[in-house]
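A.B. asks:
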Amino acid sequence: MSIKLLCSALYSNNRKGIKKYSVSILLALSVWFIWGLYTYPDGCSVLYKYWQVSVTMIFGSIIAGATSEGGGAIAFPVFTKVLQIPASDAKVFSLAIQSVGMVAASIAIFMMRIKVLWRVIAWVSLGGVFGMLIGSLFLAPVLVPA
3 MSIKLLCSAL YSNNRKGIKK YSVSILLALS VWFIWGLYTY PDGCSVLYKY WQVSVTMIFG
63 SIIAGATSEG GGAIAFPVFT KVLQIPASDA KVFSLAIQSV GMVAASIAIF MMRIKVLWRV
123 IAWVSLGGVF GMLIGSLFLA PVLVPA
């Protein structure tokens with residue numbers, strides 16, 4: 003199959019599908035580019051040094067994508083029990099991975115134009131704000147980190 007035939011097949015069938023994939027690819031390339039700038043010149047050495055984390059997150063993302071479990075919840079026990087990473091570091095990484103996954107899911111929902119029940123989101127958000135206030139004002143001062 004020639005490149006010309008492949009391109010014509012892709013563009014003739016569904017332009018919206020191409021646009022969605024283009025945004026995803028552009029977003030991934032942007033993140034990699036920013037990461038490359040941030041870690042220059044030692045970016046690849048970090049990957050070689052911590053390859054176990056990449057392998058863990060590949061399988062963790064497959065499990066998280068197939069279930070309702072988040073990637074951070076999958077990574078934390080593997081990091082602490084298998085890779086012997088301190089719990090404080092694993093916790094921060096798990097929260098970061100959870101945030102990245104939730105943002106990626108939000109972008110996918112937005113790009114696919116999935117209908118959302120905004121009324122439900124408003125009520126759940128209200129409960130979340132209430133829980134954060136109670137936790138921050140009353141529980142955080144009492145619970146001292148170990």
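When you line the sequence shown up against the working numbering, it's residues 3 to 148, in that order.
Ideal placement from N, C-alpha and C gives every residue a C-beta, glycine not left out.
This structure is a prediction, so every number in the text was calculated from the model and none was measured.
1. Report yes if the C-beta distance between residue 81 and residue 55 is below 9 Å; otherwise report no.
2. DSSP state of residue 44, grouped into three classes?
3. Going by CA-CA distance only, name the one from 78, 84, 42 and 38 that's closest to residue 91.
4. How close, in whole Å, do the beta carbons of residue 96 and residue 74 come, if the pair is a contact with beta carbons under 8 Å?
5. Since residue 66 contacts residue 103 with CB under 8 Å, what's their CB separation in whole angstroms?
6. Can you give me the start and stop residues for the alpha helix (DSSP H) that residue 63 sits inside?
7. Output yes if chain C places a C-beta closer than 9 Å to the C-beta of residue 74; else output no.
C.D. replies: This is what the structure gives:
1. As a working note, residue 81 is residue 79 in the sequence shown. As a working note, residue 55 is residue 53 in the sequence shown. Yes, the pair counts as a contact, with Cβ atoms nearer than the cut-off.
2. Residue 44 sits at position 42 when you count from the first residue of the sequence shown. Coil, per DSSP.
3. Along the sequence shown, read from residue 1 onward, the residue named residue 91 stands at position 89. The option with the nearest alpha carbon to residue 91 is 78.
4. Stepping through the sequence shown from its first residue, residue 96 is reached at position 94. Stepping through the sequence shown from its first residue, residue 74 is reached at position 72. That pair is a contact at about 3 Å.
5. Here residue 66 refers to the residue found at position 64 when the sequence shown is read from its first residue. Here residue 103 refers to the residue found at position 101 when the sequence shown is read from its first residue. With 8 Å as the limit, residue 66 and residue 103 qualify as a contact, their Cβ atoms being about 7 Å apart.
6. Here residue 63 is taken as the residue at index 61 of the sequence shown, counted from 1. 53-68 is the extent of the alpha helix (DSSP H) around residue 63.
7. Here chain C cannot be found, since the structure has a single protein chain.
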